[in-house]
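Residue numbers (my numbering), protein chains in the order written: chain A, 113 to 202; chain B, 2 to 263.
Built from N, CA and C at the ideal position, the CB exists for glycine as well.
Given the structure is predicted, the values throughout are model-derived calculations rather than measurements.
Below you'll find the structure, written out as structure tokens, and then a few comments.
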Amino acid sequence: MKLAIDETRCKGCNLCTKVCPYKIFKEGKKPNRRGIVVPELDRPERCTNCRLQHLYGRTLCGVCQLTCPDQAIDWIEEKPYELKKVAIEY
Amino acid sequence: MSFDDWYRQDRLPHIYCAGCGNGTIINCTLAAVDQMGWKKDDTVFVSGIGCSSRAPGYIVTDSLHTTHGRAIAFATGVKLANPDLHVIVFTGDGDLAAIGGNHFIHGCRRNIDLTVVCMNNQIYGMTGGQGSPTTPKGCLSSTTPAGCAEMPFDLCELAIAAGANYVSRWTSYHVKELEKAVKVGLETPGFSFIEALVQCPTAFGRRNKFRQVADHVEYLRAHSLLKAKSDRLLAEGKPIPEDMFVVGELARRNRPALGVKP
Ligand SMILES: Cc1ncc(C[n+]2csc(CCOP(=O)(O)OP(=O)(O)O)c2C)c(N)n1
Ligand code: SF4
Ligand code: SF4
Ligand code: SF4
Ligand SMILES: [Mg+2]
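Here you go:
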């Protein structure tokens, strides 16, 4: 699974940058075509849900998705699915 | 299935301002509804007028966007006409407590089987930031330019006193807790009232020194006093800080209810 921000929905409120325990969302720098500064993702493969959703068969954590007022955060399937070595700092 | 399946994808993005907390509350409510395993055809969303009340327009189920303050009255009609339906009301602080105040207390008194989610941004967002019955003392609005001089309503106390079976309060910071509270509300027969304090960056935050959206959310987090902690303070005879509000489950009981599915 791959974490993604839907640029057609995000309004750049930056709430996601405050809620992720891994601080995956970073404030963006450049406005996009719609003039919105969409956050950037820092090593999104660290996200609990990216790593474990398939194993557990349900959404894990998901706080960023619940918080995003604009329904802009989702996980998309990666094809082909590649196992990655992920370093998690606790 | 996830809460996203309950949105009308063709209507998104919604019209709410950047950082408006209403979107978060709809997410949490739909996440709870999603866990109930209800059919979309058996679920109805009802609202009045206001930014918060636009929520049902973004949801795939049948919905009623009614007149200002009358959401609970319309919802009562829907539920009594067909008790098999699951009826959820979205409302705002102005819609619920100002023009709709009487429908609110009588909905609680009748203990009609609805779940009412109030997005309390402590202001009239849609009409340009007039003070509402929940605007905190001292806060600025377009009708209280020198700071609100009145005491606000405590919506949860009101619901408990009027007879609602389930009452809880959370904020747009407490997304997981809010989702759980709405789920308990949906499961509890009778009137369930869930107050969600939310940020309104455009009408409230801008006037009240919350420069960033996150500053207001942080304020809500920092001024939330968990029910257990407030009970402890009360038991020890210590004062509850005046600028804090209690969050958590404030009432769960089993008074006779109206309109419960036979
Ligand atoms: C009968 C009637 N009176 C007044 C209005 C104007 N009006 C529209 S929305 C609103 C206040 C909404 O405040 P609230 O319910 O808190 O919703 P918010 O926009 O803050 O989410 C008012 C007074 C109206 N639409 N109908
Ligand atoms: S919370 Fe949602 S809308 Fe806000 S910046 Fe993050 S992705 Fe964009
Ligand atoms: S689901 Fe949790 S861990 Fe994953 S990006 Fe969102 S907040 Fe971070
Ligand atoms: S005015 Fe306030 S409540 Fe209305 S959409 Fe904007 S931020 Fe949200
Ligand atoms: Mg309001």
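The alpha carbon of asparagine 126 of chain A has as its nearest neighbour, out of A:Gln165, A:Met113, A:Leu115, A:Lys141, the alpha carbon of A:Lys141. DSSP places phenylalanine 205 of chain B within a helical segment (H, G or I) once states are collapsed to three. According to DSSP, residue pairing for tryptophan 187 of chain A in a beta bridge involves A:Leu115. Under the three-state reduction of DSSP, asparagine 121 of chain B is assigned to strand. Only buried fits proline 151 of chain A, as 16 or more other CB atoms lie within 10 angstroms of its CB.
DSSP places tryptophan 7 of chain B within a helical segment (H, G or I) once states are collapsed to three. Any Cβ of chain B closer than 9 Å to the Cβ of leucine 178 of chain A would place that residue at the interface, and such an atom is present. Here the distance from the Cβ of glycine 95 of chain B to the nearest heavy atom of ligand 5 is below 8 Å.
Within the same chain, and ignoring the five residues on either side of leucine 97 of chain B in sequence, the residues whose Cβ sits closer than 6 Å to its Cβ are Phe105, Cys119. Contacts between glutamate 180 of chain B and chain A, judged by CB atoms closer than 9 Å, involve Leu178 in chain order.
Here the stretch 119 to 136 of chain A lies against the stretch 178 to 187 of chain A, with 3 or more beta-carbon pairs under 8 Å apart.
Under the three-state reduction of DSSP output, threonine 145 of chain B falls in the strand class. Remark: C-beta atoms of alanine 76 of chain B and isoleucine 113 of chain B approach each other more closely than 9 Å.
By the C-beta density criterion, isoleucine 117 of chain A is buried, having at least 16 other C-beta atoms within 10 angstroms.
About 7 Å separates the CB atoms of cysteine 21 of chain B and proline 202 of chain B; that is less than 8 Å, so the two are in contact. The beta-carbon distance between threonine 128 of chain B and serine 193 of chain B, rounded to whole angstroms, is 28 Å. This is too long to meet the 8 Å contact definition. Taken atom to atom, the span from the alpha-carbon of phenylalanine 46 of chain B to that of lysine 196 of chain A is near 43 Å.
For proline 181 of chain A, at least one C-beta of chain B is nearer than 9 Å to its own C-beta.
In chain order, Ala163, Gly164 place their CB closer than 7 Å to the CB of arginine 110 of chain B, counting only its own chain and leaving out the 5 sequence neighbours on each side. Within its own chain, the residues whose Cβ lies closer than 6 Å to the Cβ of tyrosine 125 of chain B, once the five positions on either side in sequence are excluded, are Gly95, Gln131, Ser133, listed in chain order. Residue state for histidine 87 of chain B is assigned as strand, using DSSP reduced to three classes.
What leucine 221 of chain B touches in chain A, judged by beta-carbon distance under 9 Å, is nothing: the nearest beta carbon there is about 12 Å away.
Taking the Cβ of aspartate 182 of chain A as the reference point, at least one heavy atom of ligand 2 falls within a distance shorter than 8 Å.
For glycine 249 of chain B, the enclosing beta strand (DSSP E) starts and ends at 246 to 253. Judged by DSSP secondary structure, histidine 166 of chain A falls within the alpha helix (DSSP H) whose first and last residues are 160 to 168.
Distance between valine 261 of chain B and asparagine 83 of chain B, taken at the CA atoms: about 10 Å.
Take glycine 186 of chain B, set aside five residues on each side of it, and the residues of its chain with a beta-carbon closer than 6 Å to its own are Thr116, Tyr167, Ser193, Ile195, in chain order. With a cut-off of 8 Å, the C-beta of cysteine 125 of chain A is classified as distant from ligand 3, since no heavy atom of the ligand falls inside that distance. Using a Cβ-Cβ cut-off of 9 Å, glutamine 123 of chain B does not count as an interface residue toward chain A, since no Cβ of chain A sits closer than that to its own. With fewer than 16 other CB atoms across the displayed protein chains lying within 10 angstroms of its CB, leucine 172 of chain A is exposed. Serine 173 of chain B: not part of any alpha helix (DSSP H); DSSP gives it neither H nor E. Linking isoleucine 26 of chain B to valine 176 of chain B through their CA atoms gives a straight-line distance of about 8 Å.
The beta carbon of leucine 251 of chain B is closer than 7 Å to those of Cys157, Ile161, Val168, Ser169, Arg170, Lys228 in its chain, skipping five residues each way along the sequence. Under the 9 Å criterion on CB atoms, threonine 25 of chain B is classed as interfacial with respect to chain A.
Spatial neighbours of glycine 70 of chain B in its own chain (CB-CB distance under 6 Å, excluding positions within 5 residues in sequence) are listed in chain order as Gly49, Asp96, Ile100, Gly101. Scanning B:Cys149, B:Lys230, B:Leu141 for the CA closest to the CA of arginine 207 of chain B turns up B:Leu141.
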